[in-house]
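Following the numbering used here, the residues of the sequence shown are numbered contiguously, the last one being 210.
The C-beta atom is built at its ideal place from N, Cα and C for all residues, glycine as well.
Just so we're clear, the structure is a prediction, and the values are computed from it rather than from any experiment.
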Amino acid sequence: METLIPSDMWLHVVFYCEDNDWYGHCLEFDLVESGSTLPEAKANIIDVIRAHIEWALQNDNMEHLFRSAPIEYWHRCWSGKPLGTEKIQISIPNADDITPPAWMLEEVRAQHASA
């Protein structure tokens, strides 16, 4: 049976600042990384997203790839300011028969969380 792999996959990443630290939250995977600046948080979340996808593909563990973030983080995304999109490439060593899709990140800067 042939496995169909889409040409592009879209992920939502919401960035927010709390207690002087920046956080990047990938909503489809419920992965969170931080940094002292927005660019640092962005670089860190991209590294974790890439590692998460590569591990799932290398270990044929796609059923555990997606786990949605809690709804309050989706609300932050929907009410935030779009920052743009970024394509990240995924590589799978020693897997000549697999061509993973490009993963597109839709980036949003959230407003400060209400207390």
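- Same chain only: Cβ atoms within 6 Å of residue 177, ignoring 5 sequence neighbours per side: 203
- Message: Let's test the definition: count the other Cβ atoms within 10 Å of the Cβ of residue 119 and tell me whether it reaches 16, buried, or not, exposed.
- Response: buried
- Task: Excluding the 5 residues preceding and the 5 following residue 125 in the sequence, name in chain order all residues of the same chain whose CB lies nearer than 6 Å to its CB.
- Result: 162 and 164
- Message: Taking only three categories from DSSP, how would you classify residue 133?
- Response: helix
- Task: Just the C-alpha distance for residue 150 and residue 141, rounded to the nearest angstrom, thanks.
- Result: Residue 150 and residue 141 have their alpha carbons spaced roughly 14 Å apart.
- Is the beta carbon of residue 169 less than 7 Å from the beta carbon of residue 122? yes
- Task: Ignore the nearest five residues each way along the sequence and tell me which others in residue 143's own chain have a CB closer than 6 Å to its CB.
- Result: 126 and 128
- Out of 113, 148 and 145, which has the shortest C-alpha to C-alpha gap to residue 133? 113
- Proximity winner among 153, 201 and 173, relative to residue 185 (alpha-carbon distances): 153
- Item | Cross-strand partners of residue 201 (DSSP beta bridge) | Under DSSP, residue 201 takes part in a beta bridge, and its partners are 107 and 180.
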